[in-house]
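> In terms of my numbering, the sequence shown is residues 62 to 360. The C-beta atom is built at its ideal place from N, Cα and C for all residues, glycine as well. The structure presented is a predicted model; accordingly, all values stated were derived computationally and were not measured. Structure provided below as structure tokens; questions to follow.
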Amino acid sequence: MIMGNEKRLDIGYQRTCDCKPSHINCLTAKEWLKCQIGVWQFNYEGRDIRDKKLHPAVFPISLAARVISLFTHRGELVVDPFVGSGTTLVAARDLDRNAVGFDLQKEYIALCEDRLRQLALGASSKQLAIQDDARNIADYFGEETVSLIFTSPPYANLLNRERKNKSRRGDLRKNEQYMEIEQYSQDPRDLGTMELDEYTNAMGEIFERLLPLLKPKSHCVINVPDMWWENERVTIHVSLVEELRQRGYELRNIIIWDRTNIVNKIGIFGWPSNYITMGTTFEYLLDFWRPSKPGVERA
């Protein structure tokens with residue numbers, strides 16, 4: 062396990078492929094075409110973590126693999142500021158990308174390392190999990206060395222409340238998650254303890270520090286949902302788009318992650334007087350990049 066406050070990391074960040082300099086990835090035209098549809102759907106595989114007791118917020122390896130393969134070349138460097146269960150690192154290992162993930166919680170770093178130990182070593186790449194605050198990530202890398210930031214951060218205080226399972230009916234409502242608080246921790250540095258305004262500002266501060274690490278025209282993809290709180294929609298994705306624009310990022314795309322194929326059984330919700338879309342059936346992938354410097358194109 063690597064702890065914080067150590068010297069800058071010795072990790073590769075240059076392409077090891079033979080792609081043309083103008084290409085932003087190693088994909089073929091046919092593979093690229095599959096990514097152009099703005100609604101994505103993924104399935105879980107055997108290596109995925111589904112047990113919320115291990116981590117309350119997970120996503121498929123195939124999602125991380127799609128983003129990494131779309132915005133990087135082999136050998137380049139991926140950073141996940143909120144690495145959680147380590148799915149980004151697993152996908153990076155599969156695709157032979159260097160990757161570093163950060164998390165506040167020791168148990169999640171241990172989980173990442175355990176998952177990586179179960180995989181074959183990358184051909185020439187390295188994947189690391191580091192226990193440290195995302196606010197300190199800039200200490201680990203030189204400027205313009207990162208080709209992709211990809212993360213699924215805490216969703217403000219969405220998980221920091223008792224789960225009521227209102228969308229479920231009968232015996233399905235009172236399952237093992239009923240009335241549980243699934244928030245990662247009560248550490249005051251943890252973004253999952255914060256209400257929206259504080260959360261948005263904290264995210265802005267973190268990503269402002271990350272921006273100089275990105276190569277010009279390299280991408281930053283953030284997976285977030287919106288949430289309902291006291292019968293009002295809290296538009297986390299809108300707040301983050303506005304905040305990161307103010308911090309120097311340019312929004313390029315908003316992709317919908319269609320989760321209808323992987324959600325658990327659901328009951329009727331809001332009928333007959335209050336129409337509310339089922340939040341568990343979709344999330345956002347907010348795709349930003351670092352604008353290029355005047356007269357400079359990405360190498």
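1. Measuring only the C-alpha atoms, how far is Thr341 from Pro286?
2. Taking the C-alpha atoms as reference points, what is the distance between Ile337 and Thr296?
3. Count the other C-beta atoms from every protein chain shown that fall within 10 angstroms of the C-beta of Thr89, then say buried if there are 16 or more, exposed otherwise.
4. Would you give the residue range spanned by the beta strand (DSSP E) that Phe268 belongs to?
5. Under DSSP, the alpha helix (DSSP H) around Ala171 begins and ends at which residues?
6. Just mark Glu106 as buried or exposed, buried being the case when its beta carbon has 16 or more other beta carbons within 10 Å.
7. Check whether the stretch 138 to 149 touches the stretch 164 to 177, counting contact only when three or more Cβ pairs, one atom from each stretch, lie closer than 8 Å.
8. Need the endpoints of the alpha helix (DSSP H) that Arg154 sits in, please.
9. Could you check the C-alpha separation between Leu177 and Lys276 for me, to the nearest Å?
10. Starting from the C-beta of Tyr216, find all residues in its chain whose C-beta is less than 8 Å away, skip the five residues before and the five after it, and write them out in chain order.
11. Are there 16 or more other CB atoms within 10 angstroms of the CB of Pro214, so buried, or fewer, so exposed?
12. Taking all protein chains shown into account, decide if Glu92 is buried (16 or more other Cβ within 10 angstroms of its Cβ) or exposed.
13. If you scan the stretch 272 to 317 from start to end, which runs of the beta strand (DSSP E) of 3 or more residues do you find wholly inside it?
14. Per DSSP, what are the beta-bridge partners of Gly162 in this structure?
15. For Glu106, which beta-bridge partners are listed by DSSP?
16. Among Pro273, Thr321, Tyr201, Ile283, whose alpha-carbon lies nearest the alpha-carbon of Lys354?
17. What residues in its chain sit with their C-beta under 6 Å from that of Ala152, if we drop five residues either side in the sequence?
18. Please name the residue, chosen from Trp290, Arg308, Asp251, Glu303, that lies closest to Glu266 on a Cα-to-Cα basis.
19. Taking C-alpha atoms, which residue in Tyr201, Trp290, Ile316 lies nearest to Val139?
20. For Ile85 and Ile329, I'd like the C-alpha separation in whole angstroms.
21. Sort Pro82, Lys113, Asp194, Thr77 by Cα distance to Arg158 and report the nearest one.
22. Given that a residue counts as buried once 16 or more other Cβ atoms are within 10 Å of its Cβ, and exposed if not, what is Cys379?
23. When burial is assigned at 16 or more other CB atoms within 10 Å of the CB, is Leu156 buried or exposed?
24. Could you give the distance in angstroms between the alpha-carbon of Asp348 and the alpha-carbon of Arg270?
25. Can you check DSSP and say which residues form a bridge with Tyr345?
26. Alpha carbon to alpha carbon, what distance is there between Ala195 and Ala181?
Quick look at the numbers:
1. Within the sequence shown, the letter at position 280 stands for residue 341. Within the sequence shown, the letter at position 225 stands for residue 286. Between the alpha carbons of Thr341 and Pro286 lies a gap of roughly 8 Å.
2. Here residue 337 corresponds to residue number 276 of the sequence shown, with the count starting at 1. Here residue 296 corresponds to residue number 235 of the sequence shown, with the count starting at 1. Across the structure, Ile337 and Thr296 are spaced so that their CA atoms are roughly 14 Å apart.
3. Residue 89 sits at position 28 when you count from the first residue of the sequence shown. Exposed.
4. What you label residue 268 is simply residue 207 of the sequence shown in a count that begins at 1. Under the DSSP assignment, Phe268 falls outside any beta strand (DSSP E), being part of the alpha helix (DSSP H) whose first and last residues are 257 to 271.
5. Position 110 of the sequence shown, counted from the first residue, corresponds to residue 171. The continuous alpha helix (DSSP H) containing Ala171 extends over residues 167 to 178.
6. As a first step, residue 106 is located in the sequence shown; it is residue number 45 there, counting from the start. Only exposed fits Glu106, as fewer than 16 other CB atoms lie within 10 angstroms of its CB.
7. The answer is yes - the stretch 164 to 177 touches the stretch 138 to 149, with three or more Cβ pairs under 8 Å.
8. Along the sequence shown, one-based indexing puts residue 154 at 93. Arg154: member of the alpha helix (DSSP H) spanning 148 to 156, first to last residue.
9. Along the sequence shown, read from residue 1 onward, the residue named residue 177 stands at position 116. Along the sequence shown, read from residue 1 onward, the residue named residue 276 stands at position 215. Pairing Leu177 with Lys276, the inter-Cα distance amounts to about 27 Å.
10. Along the sequence shown, read from residue 1 onward, the residue named residue 216 stands at position 155. These residues qualify, in order along the chain: Ala118, Gly253, Val285, Pro286, Met288, Ile297.
11. One-based indexing of the sequence shown puts residue 214 at position 153. By the 10 Å Cβ count, Pro214 comes out buried.
12. To locate residue 92, count along the sequence shown from 1; it is residue 31. Result: exposed.
13. The stretch 272 to 317 contains these whole beta strand (DSSP E) runs: 275 to 285, 288 to 290, 293 to 295.
14. Against the sequence shown, residue 162 aligns to sequence position 101. BP columns for Gly162 point to Asp141, Ala190.
15. Translated into the one-based positions of the sequence shown, residue 106 becomes position 45. As DSSP reads the structure, Glu106 sits in no beta bridge.
16. The residue you call residue 354 lines up with position 293 of the sequence shown. Of the candidates Pro273, Thr321, Tyr201, Ile283, the one whose C-alpha sits nearest the C-alpha of Lys354 is Pro273.
17. Within the sequence shown, numbered from 1, the residue matching residue 152 stands at position 91. Excluding residues up to 5 positions away in sequence, Ile122, Ala125, Ala126, Ile129 lie with their Cβ nearer than 6 Å to the Cβ of Ala152 in the same chain.
18. The residue you call residue 266 lines up with position 205 of the sequence shown. Nearest of Trp290, Arg308, Asp251, Glu303 to Glu266, Cα basis: Arg308.
19. If you number the sequence shown from 1, residue 139 lands on position 78. Minimum Cα distance to Val139 is reached at Tyr201.
20. Taking the first residue of the sequence shown as position 1, residue 85 is located at position 24. Taking the first residue of the sequence shown as position 1, residue 329 is located at position 268. The alpha-carbon atoms of Ile85 and Ile329 are separated by roughly 44 Å.
21. What you label residue 158 is simply residue 97 of the sequence shown in a count that begins at 1. Of Pro82, Lys113, Asp194, Thr77, the residue nearest in Cα terms is Thr77.
22. Examination of residue 379 is not possible in this model, given that the chain is present from 62 through 360 alone.
23. By one-based count along the sequence shown, residue 156 stands at place 95. The residue in question, Leu156, is buried, as its Cβ has 16 or more Cβ neighbours within 10 Å.
24. Numbered from 1 along the sequence shown, position 287 holds the residue referred to as residue 348. Numbered from 1 along the sequence shown, position 209 holds the residue referred to as residue 270. Distance between the alpha carbons of Asp348 and Arg270: 18 Å.
25. In the sequence shown, residue 345 corresponds to position 284, counting from 1. In the DSSP output, where bridge partners are listed per residue, Tyr345 has Val285, Ile317.
26. Residue mapping note: residue 181 aligns to position 120 of the sequence shown, counting from 1. Residue mapping note: residue 195 aligns to position 134 of the sequence shown, counting from 1. Their Cα atoms are separated by approximately 28 Å.
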